[in-house]
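Residue numbers (full-length UniProt numbering): 1 to 127.
In this text, a Cβ means the ideal position worked out from N, Cα and C, and glycines have one as well.
These notes concern the structure reproduced below.
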Amino acid sequence: MDFIDLKPIDLQHTPMGSRIKNPNRHEWQLDWDKMAQLIRDNQDVIAVVQAGLAEDWLNTHGTMWDDKWGYYRYPNDYREFDDTVFWGASTWATPAILVTFHNELAKSFACYKIGTDPDFHYLGRRH
């Protein structure tokens, strides 16, 4: 899989404390298989892959993989400096990934399929 196979997406932020009920527009979950294939096919140029919801990135993202540790056992595990909570499915926002390359350039892409499973599916080898 190559990056041209993915749709670029802008990452946004919904302010904390917003109690507006979001509309039920769809049932989308992170496409774990697509993310794993992208990492497998391009890990020579990728430094970090994070995942979350594009429309509320700051409150929903977590690190899934990096070139030092491989797949993280859990998003936002002890290596992360922030304490955001990973969200992998939404009825209103778009599951997305943010790829940081070795040259420090970062690009975000929509990465979802139909589904409602919000759980983190560990993709690496369990120890």
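Sequence-distant residues of the same chain with beta carbon closer than 6 Å to residue i, five excluded per side
i, result
"residue 38", "1"
"residue 79", "At residue 79, the pLDDT of 46 sits below 50, so the modelled position is not reliable; the number obtained from the coordinates is stated separately. Cβ within range, chain order: n/a, list empty."
Contacting residues, own chain, Cβ-Cβ under 7 Å from residue i (five flanking each side not counted)
i, result
"residue 77", "Because the pLDDT at residue 77 is just 47, under 50, the model does not fix this residue reliably, and the value given afterwards should be weighed accordingly. If we look at residue 77 and ignore the five residues flanking it on each side, it has no Cβ neighbours."
"residue 90", "28, 53"
"residue 23", "92"
Residue i (DSSP reduced to helix, strand or coil)
i, result
"residue 9", "coil"
"residue 60", "helix"
"residue 109", "strand"
"residue 3", "helix"
"residue 86", "coil"
"residue 79", "Unreliable placement is indicated for residue 79, whose pLDDT of 46 sits below 50; no coordinate value is reported for it."
"residue 95", "strand"
"residue 100", "strand"
Nearest neighbour of residue i, chosen from the options [CA to CA]
i, options, result
"residue 86", "112, 106, 50", "50"
"residue 8", "96, 28, 65, 14", "96"
"residue 110", "24, 13, 35, 100", "35"
"residue 94", "102, 112, 71", "112"
"residue 180", "115, 57, 48", "For residue 180 there is no data in the structure shown, the boundaries of the chain being 1 and 127."
"residue 99", "33, 56, 22, 65", "65"
Start and end residues, beta strand (DSSP E) containing residue i
i, result
"residue 68", "Where residue 68 is concerned, there is no enclosing beta strand (DSSP E), given that its DSSP letter is neither H nor E."
Any non-hydrogen atom of the ligand GDP closer than 7 Å to residue i Cβ
i, result
"residue 101", "Among the components modelled here there is no ligand, and therefore nothing to report on the ligand GDP."
Short CB-CB distance (under 8 Å) between residue i and chain D
i, result
"residue 36", "Looking for chain D here will not work: only one protein chain is present."
Same chain only: Cβ atoms within 8 Å of residue i, ignoring 5 sequence neighbours per side
i, result
"residue 117", "29, 88, 89"
"residue 25", "91, 92"
TODO: Please go through the segment 18-57 and give each complete beta strand (DSSP E) segment of 3 or more residues, from N-terminal end onward.
DONE: 28-30, 46-53
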